[in-house]
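Remarks on the structure that follows.
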Amino acid sequence: MICFSTTYLFNLQKLNLIIGLTFICTFANAQHYKNDEHVIAKADEYFNKENYSTAIELYHDILKDDSLNTHAMFQVAEAKRKLRNYEEAEQWYEKVHKYKPKEQPTALYYVALMQKTNGKYLNALANFEQFIKNVEANPEKFKKRDNLGSQAKIEKRGCYLALEQKPALGIAKSFKIETQPLNTEYNDYAPVIYQNDNSLIITSGRVTKNNKTIDPILKEATSDNYRFIKVSDLTIWKELPDVDGFSNINTKYGDGAGVLNKNNTKFYFTSCQNPDGSCSIYLSELKKGKWQKPRPLNENINKSGFDSKQPCLNDQENTLFFVSNRKGGVGANDIWYATQKDSSDSWSVAKNLTTANTPLNENSPFYYPLDTVLFFASEGHESLGGLDVMLLNGVFTSKEKVVNLGAPFNSSADDCYFTIGEQKGYLSSNRAGGIGKFDIYSFNYTGDVEIAKELTLKPNEQQAPTTRYFDSPKSDSTSKSDYENINIGVINKRDNPNSTKIDIKGSIKDANSPQKPVTVKLVDQKNKINKVATSDNNGDFRMDQVENNNYVLQAEAKLNKTTGRTNIKLQSLTTYPVNKNNVSSEFENIFFDFGKSELRPEAKQSIVTLADFLKNNTQAQVEIMACTDTIGADEFNIKLSKLRGETVYNCLVENGVDRKSLIIHALGEATEGTFNDPKLYTQFNRRVLLNINNLKKHYQPAYVTCLVNPGTTFYSLSKEFNMSIDEIFEVNGLTNDNLFAFKPLRVKYTPNIKTSSLVIYLGE
Numbered sequence: 001m002i003c004f005s006t007t008y009l010f011n012l013q014k015l016n017l018i019i020g021l022t023f024i025c026t027f028a029n030a031q032h033y034k035n036d037e038h039v040i041a042k043a044d045e046y047f048n049k050e051n052y053s054t055a056i057e058l059y060h061d062i063l064k065d066d067s068l069n070t071h072a073m074f075q076v077a078e079a080k081r082k083l084r085n086y087e088e089a090e091q092w093y094e095k096v097h098k099y100k101p102k103e104q105p106t107a108l109y110y111v112a113l114m115q116k117t118n119g120k121y122l123n124a125l126a127n128f129e130q131f132i133k134n135v136e137a138n139p140e141k142f143k144k145r146d147n148l149g150s151q152a153k154i155e156k157r158g159c160y161l162a163l164e165q166k167p168a169l170g171i172a173k174s175f176k177i178e179t180q181p182l183n184t185e186y187n188d189y190a191p192v193i194y195q196n197d198n199s200l201i202i203t204s205g206r207v208t209k210n211n212k213t214i215d216p217i218l219k220e221a222t223s224d225n226y227r228f229i230k231v232s233d234l235t236i237w238k239e240l241p242d243v244d245g246f247s248n249i250n251t252k253y254g255d256g257a258g259v260l261n262k263n264n265t266k267f268y269f270t271s272c273q274n275p276d277g278s279c280s281i282y283l284s285e286l287k288k289g290k291w292q293k294p295r296p297l298n299e300n301i302n303k304s305g306f307d308s309k310q311p312c313l314n315d316q317e318n319t320l321f322f323v324s325n326r327k328g329g330v331g332a333n334d335i336w337y338a339t340q341k342d343s344s345d346s347w348s349v350a351k352n353l354t355t356a357n358t359p360l361n362e363n364s365p366f367y368y369p370l371d372t373v374l375f376f377a378s379e380g381h382e383s384l385g386g387l388d389v390m391l392l393n394g395v396f397t398s399k400e401k402v403v404n405l406g407a408p409f410n411s412s413a414d415d416c417y418f419t420i421g422e423q424k425g426y427l428s429s430n431r432a433g434g435i436g437k438f439d440i441y442s443f444n445y446t447g448d449v450e451i452a453k454e455l456t457l458k459p460n461e462q463q464a465p466t467t468r469y470f471d472s473p474k475s476d477s478t479s480k481s482d483y484e485n486i487n488i489g490v491i492n493k494r495d496n497p498n499s500t501k502i503d504i505k506g507s508i509k510d511a512n513s514p515q516k517p518v519t520v521k522l523v524d525q526k527n528k529i530n531k532v533a534t535s536d537n538n539g540d541f542r543m544d545q546v547e548n549n550n551y552v553l554q555a556e557a558k559l560n561k562t563t564g565r566t567n568i569k570l571q572s573l574t575t576y577p578v579n580k581n582n583v584s585s586e587f588e589n590i591f592f593d594f595g596k597s598e599l600r601p602e603a604k605q606s607i608v609t610l611a612d613f614l615k616n617n618t619q620a621q622v623e624i625m626a627c628t629d630t631i632g633a634d635e636f637n638i639k640l641s642k643l644r645g646e647t648v649y650n651c652l653v654e655n656g657v658d659r660k661s662l663i664i665h666a667l668g669e670a671t672e673g674t675f676n677d678p679k680l681y682t683q684f685n686r687r688v689l690l691n692i693n694n695l696k697k698h699y700q701p702a703y704v705t706c707l708v709n710p711g712t713t714f715y716s717l718s719k720e721f722n723m724s725i726d727e728i729f730e731v732n733g734l735t736n737d738n739l740f741a742f743k744p745l746r747v748k749y750t751p752n753i754k755t756s757s758l759v760i761y762l763g764e
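Letter by letter, the sequence shown follows residues 1 to 764 in our numbering.
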């Protein structure tokens with residue numbers, strides 16, 4: 001009898017991807033046992049302890065004398081599957097199904113599962129379908145078979161998903177395997193972004209001078225934590241020198257799979273040093289430039305006799321997600337979470353994150369705060385292969401939904417430990433073409449729509465082609481490419497058959513940003529934007545005086561950086577006839593200088609006047625119609641008119657106007673008005689028209705904006721409009737005494753203003 005120390009490699013059945021150490025004695029050959037039953041019993045013992053390599057040796061000894069021993073064949077297939085040797089596992093399952101289908105009726109399921117994991121999707125589909133038929137024909141026979149009939153239907157749907165994405169499997173811009181020495185011939189996984197996107201903490205089973213070979217069969221060391229940084233213009237990985245004692249957190253047992261807090265002073269990680277070989281979550285803190293001796297978290301996290309591993313934190317660092325096989329879960333390994341009230345690391349009793357979990361294994365959670373989503377890997381959801389990276393959207397809300405990230409992030413093999421930083425992301429995979437067993441892959445992640453769409457398994461069914469008409473005002477620096485239009489509702493003309501005009505009221509919610517305004521667009525049957533409104537902080541919006549017709553409502557939604565999706569939903573929508581007793585009135589024109597979108601001095605004064613009126617007449621709504629002259633290219637003029645409309649909108653909001661009181665048009669070039677002087681014509685069309693709807697009575701302006709005729713003086717204006725020169729300066733925001741022909745100027749409104757020779761009035 002030869003005794004040697006070996007590893008569990010991964011706790012693969014439970015997806016530890018963490019190495020634990022045990023001492024096992026194995027026999028040189030099976031002849032030391034009295035008969036095959038004893039050999040099988042010993043082989044099963046090793047199998048149950050997850051020492052699959054030794055178990056396989058003993059099963060092979062049995063098969064030398066009994067080549068069709070059903071139990072031995074099936075257990076070899078199982079051991080190969082759990083060791084992630086899917087090609088050989090497929091061959092062994094096929095052998096069992098071919099020769100012993102009645103004794104092992106589930107072998108067909110695993111044949112299909114291995115074919116799927118090996119990328120043979122059509123073959124897998126046929127076998128899953130046959131297995132489902134077998135279960136339906138004889139349910140009692142499969143009653144105690146781990147509900148494989150239901151899982152086969154999930155795997156079948158996964159095959160269809162994979163076939164849809166097969167051209168993209170393993171292919172994407174900027175998606176690549178990282179080079180040595182980050183990756184080695186051994187298992188390298190669990191990347192944690194350290195100081196920046198190009199520095200990592202990883203878990204590895206590499207053999208080094210300090211971590212020598214443990215298992216002579218697998219030739220893999222117990223896992224440790226390693227730190228790397230990219231040097232030489234970010235082309236070469238180099239291990240960080242251990243000046244702060246970080247390597248001291250490693251033990252002779254399996255260590256790895258952790259998470260840092262925001263300021264990199266706490267490292268929560270997994271260590272499998274428990275006497276029974278189970279794993280617990282430990283914490284090491286950086287104090288005075290040195291990493292301190294790790295201590296285990298409390299019993300609410302580390303439940304005795306069970307694994308607790310692969311921790312991650314939310315952005316407030318008061319919720320810890322982790323993986324455990326403790327009782328009370330949904331499956332084998334589930335994602336759990338616990339909370340704490342302060343930073344003392346006193347964690348509450350853990351709860352099961354039921355939406356994420358399945359009867360199979362889940363692992364490697366990663367919380368992404370910008371989109372409030374949780375990434376994790378799963379065997380039990382619809383997948384392209386074995387483990388697939390999933391996204392749980394709407395964490396801790398009633399809208400929780402699991403989405404498969406799709407190719408290229410998932411492949412026909414196993415993909416896990418997804419993480420993203422500022423502009424770069426990483427994951428671990430054992431897909432074909434790697435350097436070793438599990439390798440670390442990277443991808444550029446700038447948050448733009450193109451990359452985000454690669455993260456989406458299926459297009460958002462609500463999503464319409466991008467129709468940029470008027471970009472809603474944004475107070476932050478977010479790129480407008482982060483926004484896209486989605487269809488959220490329909491307005492039917494037949495709902496108000498006897499009305500020529502209707503008012504629209506609705507409520508819209510964004511689960512990710514409930515307090516931020518959302519731009520809502522009314523799109524007609526020719527795909528033309530009719531009106532644009534913006535919701536208030538409660539999500540309410542309205543559109544008054546709308547021509548009764550058939551429309552689609554579109555929301556300009558900020559896309560999740562990680563999914564290319566949005567959580568915007570239409571909560572309510574009501575249309576009703578316009579009150580015939582209400583009237584509409586024009587407000588002063590807001591004029592602009594040639595090629596400009598900045599407000600002129602008199603325009604600022606006009607907007608303050610309008611804002612005060614709207615705050616006192618909340619039932620009213622202003623329609624902002626922006627336009628330009630005909631000088632310049634159409635594309636430029638459309639853009640300029642949008643900017644002018646946006647400027648007026650922003651100024652009204654800044655002066656306290658409720659967003660619901662504003663709707664927008666960007667008209668582009670205007671062709672209204674006939675004037676002998678072309679200068680007058682072009683200035684006339686450099687404007688934003690303001691129409692006030694739903695008034696109880698017509699608006700009576702105190703001042704109006706006109707265009708100054710040549711030869712007009714301040715003195716003549718003062719005399720004709722009964723205004724002091726100081727008043728003229730004040731209501732126009734003037735700082736000098738220059739008057740220019742055909743330039744805008746505010747004067748008192750008088751009934752005979754249209755006949756004035758000093759100014760040109762362009763109102764009603």
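Cβ coordinates follow ideal geometry from the N, Cα and C atoms, glycine included.
| Query | Result |
| --- | --- |
| Take F771 as the anchor and find which of F740, N118 and R145 has the nearest alpha-carbon. | Because the chain here runs from 1 to 764, residue 771 falls outside it and cannot be looked at. |
| When the Cα atoms are used, what is the spatial distance from D495 to K501? | 12 Å |
| Ignore the nearest five residues each way along the sequence and tell me which others in S535's own chain have a CB closer than 6 Å to its CB. | I508, P517, V518 and F541 |
| Have a look at the DSSP bridge pairing and note the partners of E362. | S378 |
| For K521, count the other beta carbons within 10 Å of its own beta carbon; 16 or more makes it buried, fewer makes it exposed. Which is it? | buried |
| Could you tell me the distance, in whole angstroms, from the CA atom of V76 to the CA atom of I56? | 6 Å |
| Would you say I486 and Y445 are within 7 Å of each other, going by their C-beta atoms? | no |
| Classify G763 as helix, strand or coil using the three-state DSSP reduction. | coil |
| Evaluate contact between the segment 153-167 and the segment 110-130, counting only Cβ atoms and requiring at least three cross-stretch pairs below 8 Å. | yes |
| Is T609 helix, strand or coil by DSSP? | helix |
| Taking only runs of the alpha helix (DSSP H) that begin and end inside the segment 699-723, which ones reach a length of at least 4 residues, in chain order? | 714-720 |
| Would you identify the three-state DSSP class for C651, choosing helix, strand or coil? | helix |
| Where do the ends of the beta strand (DSSP E) carrying K509 lie? | K501 to D510 |
| Do S428 and F438 count as a contact pair if the criterion is CB distance below 7 Å? | yes |
| Once DSSP output is grouped into helix, strand and coil, what is the label at I19? | The pLDDT assigned to I19 is 33, lower than 50, so where the model puts this residue is not dependable; a value taken from the coordinates is nonetheless given after this. Looking at I19 - three-state DSSP - the assignment turns out to be coil, as it is neither helix nor strand. |
| Closer than 6 Å by C-beta to Q571: which residues in its own chain qualify, once you throw out the five before and the five after it? Chain order, please. | S507 and K509 |
| May I ask which residues mark the beginning and end of the beta strand (DSSP E) holding A533? | I529 to T534 |
| How is the beta strand (DSSP E) around A338 delimited, first residue to last? | D334 to T339 |
| Run through the DSSP bridge pairs and tell me what E285 is partnered with. | K266 |
| Here's the rule: buried if 16 or more other CB atoms are within 10 angstroms of the residue's CB, otherwise exposed. What is G386? | buried |
| Using a Cβ-Cβ cutoff of less than 8 Å, which residues in the same chain neighbour N767 once the five nearest sequence positions on both sides are dropped? | In the structure displayed, the chain extends from 1 to 764; residue 767 sits before or after that span and is not available. |
| From the DSSP secondary-structure annotation, give me the bridge partner or partners of Y367. | L374 |
| For P359, which residues in the same chain have their Cβ closer than 8 Å to its Cβ, ignoring the five residues on either side in sequence? | D146, N147, Q151, V330, G331, A332 and G380 |
| Along the chain, which unbroken stretches of the alpha helix (DSSP H) at least 4 residues long are found entirely within the segment 30-65? | 36-48 and 52-65 |
| Classify L758 as helix, strand or coil using the three-state DSSP reduction. | coil |
| Go ahead and pull the three-state DSSP assignment for E422. | coil |
| Identify whether Q101 lies in helix, strand or coil by the three-state DSSP scheme. | Here residue 101 turns out to be Pro, not Gln, going by the sequence shown. Three-state result, P101: coil. |
| For S398, which of helix, strand or coil comes out of DSSP? | coil |
| Beta carbon of E90, beta carbon of M114: below 7 Å? | yes |
| Check F541 in the structure and name its three-state DSSP category. | strand |
| Mind checking if A89 is an interface residue toward chain D, Cβ cutoff 7 Å exclusive? | This model lacks chain D altogether, as it is built from one protein chain only. |
| Would the beta-carbon of F321 fall within 7 Å of that of P294? | no |
| Determine the direct distance from the alpha carbon of L405 to that of K327, and round the result to whole angstroms. | 29 Å |
| Measuring CB to CB, does L313 end up less than 7 Å from V259? | yes |
| Start and end of the beta strand (DSSP E) containing K660? | Run containing K660: none; DSSP gives neither H nor E here. |
| Just the Cα atoms here: how many angstroms apart are V753 and E586? | Inspection of the sequence shows that residue 753 is occupied by Ile rather than by Val. Their backbone Cα atoms lie some 15 Å apart in a straight line. |
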